[in-house]
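Following our numbering, the numbering of the sequence shown begins with 17 at its first residue and continues without gaps.
Beta carbons are placed, not taken as given, at the ideal position from N, Cα and C, and that holds for glycine.
A quick note: this is a predicted structure, and the numbers were derived from the prediction, not measured.
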Amino acid sequence: MSKLDRKPRVTPDPPRDWTYAPAPESRDIVQLAERYGHFVGGQWLEAAETYETISPSSEEPLALVGLGTEQDVDAAVAAARDAFANGWSALPGSERAKYLFRIARILQERSRELAVLESLNGGKPIKESRDVDLPLAAAHFFYYAGWADKLEYAFPNRRPRPVGVVGQIIPWNFPLLMLAWKIAPALACGNTVVLKPSHTTPLTALLFCDVLRQADLPPGVVNIVTGYGSTGAALVKHKDVDKIAFTGSTEVGKWIQREVAGSGKRLTLELGGKAANIVFDDCALDQAVEGIVNGIYFNQGEVCCAGSRLFVQESIYEPLIAKLKRRLTTLRVGDPLDKNTDVGAINSREQLEKIQSLVQSGIDEGAEIYQPPCHLPEKGYWFAPTVFTNVAQSYRIAQEEIFGPVLSVLTFRTPEEAVEKANNTPYGLSAGVWTEKGSRILWMAQRLRAGVVWANTFNRFDPTSPFGGYKESGFGREGGRHGLEPYLRFDE
Ligand code: NDP
């Protein structure tokens, strides 16, 4: 042994316990009212009946929220019609843009308050609401503010004009972001809006009413009516609504399509998905593992475009699954308001039960389940990150949208086989391809029946980029110049 080898060590071994200390974000920045009514014509309309909205991570009651009736929806549509006819639709685009810019800047200024509330009411980790939902919501208002005075250039020689009063119905997985996706293009085009948030996550939409007041938006341009599905149905059926924009389940989307058929109402539907995330053997493996994790565990997998079906080329199946399982053991599941949390609470008891029943079907049908050891809080709605291997294409977990942190792994040998298996779904919202070859990315993107195909990344959103589906994932595009079109009429 050399002298150097025999030298006693002077630096002690580093501590082996790498657990994170709690890093909770303070909730004090959010001031909640005890009871909320509906926001109609720039005023709070007292709700005759209310329900309790809770925090899904603790089941703690947060506030009482109005149960919108047909009369409330009627008042909101009347306010929107009045604002449309008496000012808003005739404003020059540059004036409408000023309001949108103002809203965008106020969202940025109040982003911490809105992010905390989003995590509190929806269960998503604060680092996602802070770093994804809020910046993207503001970016949508900035982006569409830029289009408001350029519609003639976006659609040359087509005389674009607003559609009128728009009814918008949004889900619970990205409450404020979906509100921004809907309201920003509608206002940029000169429409007025009645929006119904999901009953489980109404609070950021209600705080947004305060943002609208701060921005001095004329009364009635945006109206918000809260409640259950029946409130949304009243909006869909209302005779004086010119267009419906809906994001949510395929089942409700189909009902809405039947309901508006023949009414002359315009319709866009952004529905469910069962995205294929396809990994070739020439990919950067560690990068792909990160992309798989982001694809399915971001927002607890409660994402319509989540990469819930993983297709792995057979030659790298074993190393990839080993790396993926190892990575899962490092995900931190718990308090959404803790800045270290990766996976938060499931949005509601109903959603948790749906996930549990589909996972049980996977076990019963013969798939092999893996869940990393993790401690789930006693109160609230929780589900551990889950991977299923040994999955057949016919299993329900490979066919149905689970909308939870559950990944189904399948394999393929050739690109042709990957395309065929990936397209074997009633949905067509998104897909991912991992390979080092640009030509293969293009070959795959041409063949995958999905509205968005990500290459060597996943779940990346940008207001300038159109988003929407094929088949049972719906129709119409949101985002980009394409996202203006459903909110315009043309003289042709
Ligand atoms: P829904 O489609 O029921 O809800 C979406 C929105 O529509 C909510 O605001 C809801 O109100 C409203 N709504 C419900 N019924 C009607 C109706 N008849 N007319 C008009 N509006 C209505 O989705 P769920 O929340 O029930 O989730 C069920 C499943 O849908 C999930 O497990 C998931 O698979 C999928 N989903 C897909 C989403 C996507 O982004 N594509 C988003 C959310 C869910 P309320 O919340 O008050 O019931």
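Query: Between the CA atoms of S377 and G448 - distance to the nearest angstrom; Result: 26 Å
Query: CA-to-CA distance, K255 to D302, given in whole angstroms; Result: 54 Å
Query: Three-state secondary structure assigned by DSSP to A131; Result: helix
Query: Other residues of its chain near S74: CB distance less than 6 Å, five sequence neighbours each side excluded; Result: K395 and G396
Query: Beta-carbon proximity check, R43 vs L193, cutoff 8 Å; Result: no
Query: Nonlocal neighbours in the same chain, by C-beta distance under 7 Å from M17, ignoring five residues either side; Result: Low local confidence applies: a pLDDT of 48 at M17 is under 50, so the model's placement there is unreliable, with the coordinate-based value given in what follows. Cβ within range, chain order: n/a, list empty.
Query: Cβ-heavy atom distance, A249 to the ligand NDP, below 7 Å; Result: yes
Query: Among E168, F224, A249 and L83, nearest to H215 - alpha-carbon criterion; Result: L83
Query: Ordered list of beta strand (DSSP E) runs contained in the stretch 396-420, each at least 3 residues; Result: 402-405
Query: Distance between S489 and Y443 (C-alpha atoms, nearest Å); Result: 5 Å
Query: Bridge-paired residues (DSSP) for N356; Result: According to DSSP, N356 bridges with nothing at all.
Query: Own chain residues within Cβ distance below 6 Å of R118, not counting five before or after; Result: A231
Query: First through last residue of the alpha helix (DSSP H) which encompasses H156; Result: L150 to W163
Query: Where the alpha helix (DSSP H) through Y169 begins and ends; Result: L167 to A170
Query: Chain C contact for L392 (CB, 8 Å cutoff); Result: Judged by its chain identifiers, the structure shown contains no chain C, having just a single protein chain.
Query: C-beta atoms of I337 and D297 nearer than 8 Å; Result: no
Query: Secondary structure, alpha helix (DSSP H): runs of 4+ residues fully inside the stretch 354-394; Result: 365-381
Query: Rounded distance between the beta-carbons of W104 and G206, thought under 8 Å; Result: 7 Å
Query: Chain-order list of residues whose beta-carbon lies under 8 Å from that of L504 (same chain, five-residue window excluded); Result: L167, F171, P176, R177, P178, V179 and C205
Query: Segments assigned alpha helix (DSSP H), at least 4 residues, entirely inside the stretch 270-324; Result: 301-313
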